[in-house]
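Right, one structure below, let's go through it.
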Amino acid sequence: MNVMIRLVLVAAAMTAVLTLMVINQANARAGGTEIRLSMEPVDPRDLLLGHYVELVTPLQRLETAQLQGGSEHMFEQGDRIWVGLETGPDGSSRPASVHNSPPSGPHIEGRVRVAGHVSDEPGQWLTVHYNIERYFASPEAALELESYRDERRLRLIVSLSDSGSAVIRGLEIDGEDHIDRLF
8 MNVMIRLVLV AAAMTAVLTL MVINQANARA GGTEIRLSME PVDPRDLLLG
58 HYVELVTPLQ RLETAQLQGG SEHMFEQGDR IWVGLETGPD GSSRPASVHN
108 SPPSGPHIEG RVRVAGHVSD EPGQWLTVHY NIERYFASPE AALELESYRD
158 ERRLRLIVSL SDSGSAVIRG LEIDGEDHID RLF
């Protein structure tokens with residue numbers, strides 16, 4: 008096989024992989040269960056990654072003793088975790104339970120980043136990562152979104168698959184949805 012045919016085959020394979028990635032992302036946004044998460048103020052900047060808004064939600068810091076099933080499992084750094092969700096009076100989703108396997112009902116899958124335990128208290132303190140912690144935007148938009156977030160006028164719209172994996176679908180600003188479009 009000559010070099011030109013090999014190059015064409017490699018280019019076609021790379022294009023197919025990238026196309027599948029885009030299709031998977033579009034399907035995750037369109038077909039998942041939508042939840043909304045309130046956010047807490049943070050001040051990020053990253054010279055290598057660009058401008059983004061750091062998104063800290065109530066799902067990231069968990070006290071397992073206050074959650075259903077929290078005393079049944081001990082988690083360590085790197086463990087997969089599934090957090091059962093309930094909707095609060097303001098329409099935001101919040102943690103209701105923790106599990107070491109997917110539960111029934113609405114849930115989100117994450118990885119334990121930090122697991123702590125206070126010896127005289129039941130349960131654990133966990134910091135969990137869900138791959139929804141950063142929202143990239145232009146420098147001007149990132150600064151504007153940070154001010155909305157700090158004033159508690161911004162909520163995160165997330166699409167959840169049946170397995171609990173999460174994809175950012177968009178933002179809610181002052182009660183108005185701003186859905187990101189891939190195409």
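Note that the sequence shown covers residues 8 to 190 in the numbering used here.
For every residue, glycine included, the Cβ atom is placed at its ideal position computed from N, Cα and C.
Using C-beta distances below 6 Å, list every residue in its chain close to residue i, excluding the 5 sequence neighbours before and after it, in chain order.
i: L16; result: none
i: E116; result: W89, G171 and S172
i: G95; result: R101
i: A19; result: none
Compute the Euclidean distance between the alpha carbons of residue i and residue j, then round it to the nearest angstrom.
i: D184; j: L150; result: 19 Å
i: S104; j: P113; result: 11 Å
i: S111; j: S154; result: 37 Å
i: A23; j: V29; result: 10 Å
i: A33; j: E128; result: 44 Å
i: S108; j: H80; result: 11 Å
i: T26; j: I175; result: 19 Å
i: G177; j: E70; result: 27 Å
i: V10; j: Q84; result: 47 Å
i: E93; j: I139; result: 18 Å
i: G77; j: H124; result: 12 Å
i: M21; j: L14; result: 11 Å
i: A37; j: Q73; result: 33 Å
i: R188; j: I42; result: 17 Å
i: I186; j: R68; result: 26 Å
i: A148; j: Y142; result: 11 Å
Between which residues of its own chain and residue i is the CB-CB distance below 7 Å, once the five residues before and five after are set aside?
i: E82; result: Glu is not the amino acid found at residue 82; the sequence shown has Phe there. Counting only Cβ-Cβ distances below 7 Å, and skipping sequence neighbours, we find I88, V119, A122, Q131 and L133.
i: L66; result: L44, V90, P102, I115, V135 and Y137
i: A144; result: H58, Y59, V60 and L152
i: I180; result: Y155, R160 and L161
To which residues does DSSP link residue i through a beta bridge?
i: F82; result: In the DSSP output, where bridge partners are listed per residue, F82 has none listed.
i: D184; result: E179
i: R160; result: In the DSSP output, where bridge partners are listed per residue, R160 has none listed.
i: A41; result: The question names Ala, yet the displayed sequence has Glu at residue 41. E41 pairs with S166.
i: S220; result: In this structure the chain extends from 8 to 190, so residue 220 is not present and cannot be described.
i: Q75; result: S104
Could you give the first and the last residue of the continuous alpha helix (DSSP H) run that contains residue i?
i: P146; result: P146 to D157
i: A18; result: V10 to G38
Where do the ends of the beta strand (DSSP E) carrying residue i lie?
i: R141; result: R141 to F143
i: E93; result: R87 to T94
i: L69; result: R68 to E70
i: S108; result: S108 -> no beta strand (DSSP E), and no H or E assigned at all.
i: T134; result: W132 to H136
i: E116; result: H114 to G123
i: V60; result: Y59 to E61
Is there at least one Cβ from chain C nearer than 8 Å to residue i's Cβ?
i: A144; result: In the structure shown, chain C cannot be found, because there is only a single protein chain.
If I measure Cβ to Cβ from residue i and keep anything under 8 Å in the same chain, skipping five residues before and after, which residues do I get?
i: D50; result: Because the pLDDT of D50 is 48, which lies under 50, any placement of that residue in the model is unreliable, and the number read from its coordinates should be weighed accordingly. So the list reads E61 and E153, once near-sequence residues are dropped.
i: D86; result: N107, R118, V119 and A122
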